[in-house]
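If you use numbering that gives the first Met the number 0, the sequence shown corresponds to residues 0 to 736, in order.
Virtual Cβ for every residue (Gly too), placed ideally from N, Cα, C.
Note that the coordinates shown come from a computational prediction; the quantities given were computed from them, not determined experimentally.
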Amino acid sequence: MSQKKVFLAVAISVDRVRVVFWTYSNRQGSESIDFLAKGSEEVYLDQEELLAAVEASYKEAWFMLPEDGRHLLDRVPIVFAVPQYWVGESDQIDKSFSGFLKKIINRLQGQSLGFVPEGELLLNYFKNQEDDGRVNLVAVSVGEEKLVVFPIIRGQILGVEVVERSESIALDLEEGLARFDFNQPFPPRILLLGQEDLDEVRGDLLAYPWVETEPKPLFAHLPKVDTFSYQKVFATLANQAKDFLPEKTLEKESADQKEDQGRDEIDLSSEESIPKEETGALGFVKNQDIASLEKSFSEKEDLTSLPDDQEEPEKERKLEKLAIFSKLKNYLARIKGPKFKVPSREAKGNRQLPKGLLFVLIGVVFLLGVLGAIWWYFPKAEIVLSVAPKYSQDETSLLVAVGESEVKVEEKVIPARRVEVVIEKEGSARTTGEKLVGDKATGEVIIYNRTTIEKTFEKGTSLVSDGGLEFLTEEEVTVDPAEVDVDEDYNQITTPSKKAVAVKAVDIGQDYNLPAGEEFEVTSFIKENFVAKNEEAFSGGSSREAKVVTKKDQENLKDQLLSLIESQGKERLAEQLSPGEKLIDQSLEVNLKKEDFSHVPDEETEQLSLTVEVVLTGLAYREEDLNRLTEELLKQQVPSGFVLGTEKKVDFKFVEEQDGGALFDLSFGASLYPEIDENEVKKKVAGKRLNTIKDYLSLLPSVDGFEVRFSPPMPDFLLTLPHRTDNITITMEQESK
Numbered sequence: 000m001s002q003k004k005v006f007l008a009v010a011i012s013v014d015r016v017r018v019v020f021w022t023y024s025n026r027q028g029s030e031s032i033d034f035l036a037k038g039s040e041e042v043y044l045d046q047e048e049l050l051a052a053v054e055a056s057y058k059e060a061w062f063m064l065p066e067d068g069r070h071l072l073d074r075v076p077i078v079f080a081v082p083q084y085w086v087g088e089s090d091q092i093d094k095s096f097s098g099f100l101k102k103i104i105n106r107l108q109g110q111s112l113g114f115v116p117e118g119e120l121l122l123n124y125f126k127n128q129e130d131d132g133r134v135n136l137v138a139v140s141v142g143e144e145k146l147v148v149f150p151i152i153r154g155q156i157l158g159v160e161v162v163e164r165s166e167s168i169a170l171d172l173e174e175g176l177a178r179f180d181f182n183q184p185f186p187p188r189i190l191l192l193g194q195e196d197l198d199e200v201r202g203d204l205l206a207y208p209w210v211e212t213e214p215k216p217l218f219a220h221l222p223k224v225d226t227f228s229y230q231k232v233f234a235t236l237a238n239q240a241k242d243f244l245p246e247k248t249l250e251k252e253s254a255d256q257k258e259d260q261g262r263d264e265i266d267l268s269s270e271e272s273i274p275k276e277e278t279g280a281l282g283f284v285k286n287q288d289i290a291s292l293e294k295s296f297s298e299k300e301d302l303t304s305l306p307d308d309q310e311e312p313e314k315e316r317k318l319e320k321l322a323i324f325s326k327l328k329n330y331l332a333r334i335k336g337p338k339f340k341v342p343s344r345e346a347k348g349n350r351q352l353p354k355g356l357l358f359v360l361i362g363v364v365f366l367l368g369v370l371g372a373i374w375w376y377f378p379k380a381e382i383v384l385s386v387a388p389k390y391s392q393d394e395t396s397l398l399v400a401v402g403e404s405e406v407k408v409e410e411k412v413i414p415a416r417r418v419e420v421v422i423e424k425e426g427s428a429r430t431t432g433e434k435l436v437g438d439k440a441t442g443e444v445i446i447y448n449r450t451t452i453e454k455t456f457e458k459g460t461s462l463v464s465d466g467g468l469e470f471l472t473e474e475e476v477t478v479d480p481a482e483v484d485v486d487e488d489y490n491q492i493t494t495p496s497k498k499a500v501a502v503k504a505v506d507i508g509q510d511y512n513l514p515a516g517e518e519f520e521v522t523s524f525i526k527e528n529f530v531a532k533n534e535e536a537f538s539g540g541s542s543r544e545a546k547v548v549t550k551k552d553q554e555n556l557k558d559q560l561l562s563l564i565e566s567q568g569k570e571r572l573a574e575q576l577s578p579g580e581k582l583i584d585q586s587l588e589v590n591l592k593k594e595d596f597s598h599v600p601d602e603e604t605e606q607l608s609l610t611v612e613v614v615l616t617g618l619a620y621r622e623e624d625l626n627r628l629t630e631e632l633l634k635q636q637v638p639s640g641f642v643l644g645t646e647k648k649v650d651f652k653f654v655e656e657q658d659g660g661a662l663f664d665l666s667f668g669a670s671l672y673p674e675i676d677e678n679e680v681k682k683k684v685a686g687k688r689l690n691t692i693k694d695y696l697s698l699l700p701s702v703d704g705f706e707v708r709f710s711p712p713m714p715d716f717l718l719t720l721p722h723r724t725d726n727i728t729i730t731m732e733q734e735s736k
């Protein structure tokens, strides 16, 4: 059986360093990268501190390696990611830095595969992610005391500027960009790298007004700010490291290589392992390098897993339990209390311990035992895995059928029932119509008849003043014929007869309040025959603007009232639902039975009221039935390795009424979470400290982060995951955005 070769990546940024072990696997005919263990993120200020930081991260990664994989670290191939400012214009690393990398290689007793500057690392990453690798962004490597800024324009690094940090990282970046001789706005995309946690820096850059910088805006619009994680750094390094290897195929090696490995690596079929005495208490041997330690390395080991507690020797389990009491004893020893001086054996001879002291010692031992039992059996922990779930969505036609008794998945039918409620509602609104209103002028005129014929004028006879104002008689009036006589000279003298009659103006307004002495023409007659005059002034005429009802007022009030009834009616309908039933809002129907307005159109009023009576109906279904239908439909779309999440979304869109129900367009979807063997995870983390499980949990499929919640709280020196797997719960929640 061939052995896997282990590689080491060392990611160095401005003032941070972190290492990772990885290997290559051939799965189903394609090469894949398996990360074995990650070291901690360490801070350094100068080259000497960098060397110590590399060692510290290396040691933690070494502890996380499966024990039977550590023997493959002799002369481990090492690839470096280095800060962009370490590299000159000729793409060669500065001599002061290259000599230091050799120190790291010698200290770790490895062999160099090469180095990759941060800029080249980004270009290689995006070349694999985008079609042509034409990357446009502003890369910023973040340190506590300085920034390294190197814009990438159309896949080429524009240059490198190192800026000393101030209180405002946004101003520091603005200063760095202003140093470049670049006459165009920079690409609106900022990529941060160099640290594990860059959320605060990202927030400061997002809040900065980049389009208002002087003397010219550095960006055409507000840039997008992303982070480049260690996970991406190591994955890109591992992919790029293939270019440094002597052969294209990683699974097959030459005969000479196999012969060399035979001298340094243990046969996988052998069950022998190096005695524990050789490795020391913590896995190190005095005066011997870490990389020289060896044990058998099984290909079957889960490379993303911690060692299985259930496979530990029984002796180590007993030692672990004894360590519990040792920790408790040390903790209690720090508590101040009365001190007892116990005589030595020589001083006391064969005397027995004082009874009081004996009882105290027994009590302390008993207390340690009780506390140890409590610590072992009772603590609980909840591991909350933060994942970015996939989302499965589909659409179909759904028949909500009244009278059906069961769900029909194939036909996509769920049973429903019709609910109904009668609602009477009153509402009012202000009128919007305007109209000129008022009183008509009235008075009395005298009609003169100058003819010899009696004349009767019907009610409503029109009289028109010299000014063109029209009045109508209020009653019928008959005027006698005129009297005709002859004077001494035999001249004919005609004396007109007259009759008084009440009149009213045809329209409202003060203009009809005519003064006395006005003369009126009787319609259809000439004044020589009939004429009317008023001996007293007319009065009572007036006018004003008033609010009146319009047809639109009635329609608007009715629409508002029906809309209010529909909204409030949902609550009334919900009162009739049984537990577990839900109302389909889109199925609501409002049928108007009665309406009664307080005023008719054109009637003067400032307030219009309406009373209506409606019948509100809707369709109700059981949520359990819909969940069953959608879950069965979604199960058909769940890919291998995933399970349905609890987040579901269902939306209805009414299509048409059908006999006994209604047809809807149903849109439904659900989150898909990675399938994780919870029992296996519990066994791997039981009894472990947080710093020893963080990489294991982070490497679980699709897990982006995690949180461990302990109950009850414990002192830090006792804080481990519960030793009983029954006391560990695992939940998954959607990653917050």
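In the three-state reduction of the DSSP assignment, G371 falls in the helix class, which pools H, G and I.
Around the beta carbon of Q553, 16 or more other beta carbons lie within 10 angstroms, which makes this residue buried. In its chain, beyond the 5 residues on either side, N448, V478 have a beta carbon closer than 6 Å to the beta carbon of K454. Ranked by how close their Cα comes to the Cα of D465, the residues E517, A440, E47 have E517 in first place. Annotation: the region 505–583 contains the following complete segments of the beta strand (DSSP E) (minimum length 3 residues), in chain order: 518–521, 529–532, 543–547, 580–582.
By the CB criterion at 8 Å, A10 and F365 fall outside the cutoff.
The DSSP assignment places 29–37 as complete runs of the beta strand (DSSP E) inside the region 17–54, in order along the chain (cut-off: 3 residues). Closest in alpha carbon position to P187, among V137, A55, V383, is V137.
Linking G109 to E119 through their CA atoms gives a straight-line distance of about 23 Å. By the criterion of a C-beta distance shorter than 7 Å, A481 is surrounded in its chain by N448, R449, T450, T451, T493, T494, P495, S496, once the five residues flanking it on both sides are discounted. Between K503 and E473, the C-beta gap is smaller than 8 Å, which places the two residues in contact.
Within its own chain, the residues whose Cβ lies closer than 6 Å to the Cβ of V161, once the five positions on either side in sequence are excluded, are Y84, K145, V147, listed in chain order. Each of G426, R416, G202 was checked against the Cα of T616, and the nearest Cα belongs to R416. Secondary structure remark: continuous beta strand (DSSP E) runs of at least 3 residues inside the region 406–494, in chain order: 412–429, 432–436, 439–448, 454–456, 461–464, 469–472, 476–478, 482–485, 491–494.
Beyond the five residues adjoining it in sequence on each side, A536 comes within less than 6 Å, by CB distance, of P514, A515 in the same chain, given in chain order. The DSSP-derived three-state label of I11 is strand. Rounded to the nearest angstrom, the gap between the Cα atoms of T430 and L560 is 15 Å.
Annotation for S666: E394, D650 place their beta carbon closer than 6 Å to its own, counting only its chain and skipping 5 residues before and after. With fewer than 16 other CB atoms across the displayed protein chains lying within 10 angstroms of its CB, G467 is exposed.
For a cut-off of 8 Å, the C-beta gap from A240 to L112 is around 6 Å, short enough to register as a contact. The C-beta of I446 has 16 or more other C-beta atoms within 10 Å across all chains shown, which makes the residue buried. As the crow flies, the alpha-carbon of T724 is around 14 Å from that of R688. Checking the DSSP bridge columns, you'll see D595 partnered with T610. Between P184 and the set L191, L190, L176, the nearest pair of CA atoms involves L176. Per DSSP, I92 lies in no beta strand (DSSP E) segment and is marked neither H nor E.
Within the same chain, L50 come within 7 Å of K102 by CB-CB distance, once the 5 residues on both sides are set aside. Note on geometry: alpha-carbon atoms of G426 and V589 lie some 17 Å from one another.
A distance below 8 Å separates the beta carbons of V16 and A52. DSSP places E119 within a helical segment (H, G or I) once states are collapsed to three. In this structure, the beta-carbon distance from A619 to E646 does not fall below 8 Å. Under the three-state reduction of DSSP, I692 is assigned to helix. With a cutoff of 8 Å on beta-carbon distance, G402 and G659 are scored as near each other. Distance between D595 and Q585, taken at the CA atoms: about 28 Å.
In terms of Cα proximity to V42, the closest of S31, E54, A36 is E54. Counting C-beta pairs with one atom in each stretch, the region 602–614 and the region 559–575 have three or more that are closer than 8 Å, which means they touch. Around the beta carbon of I525, fewer than 16 other beta carbons sit within 10 angstroms, so the residue counts as exposed.
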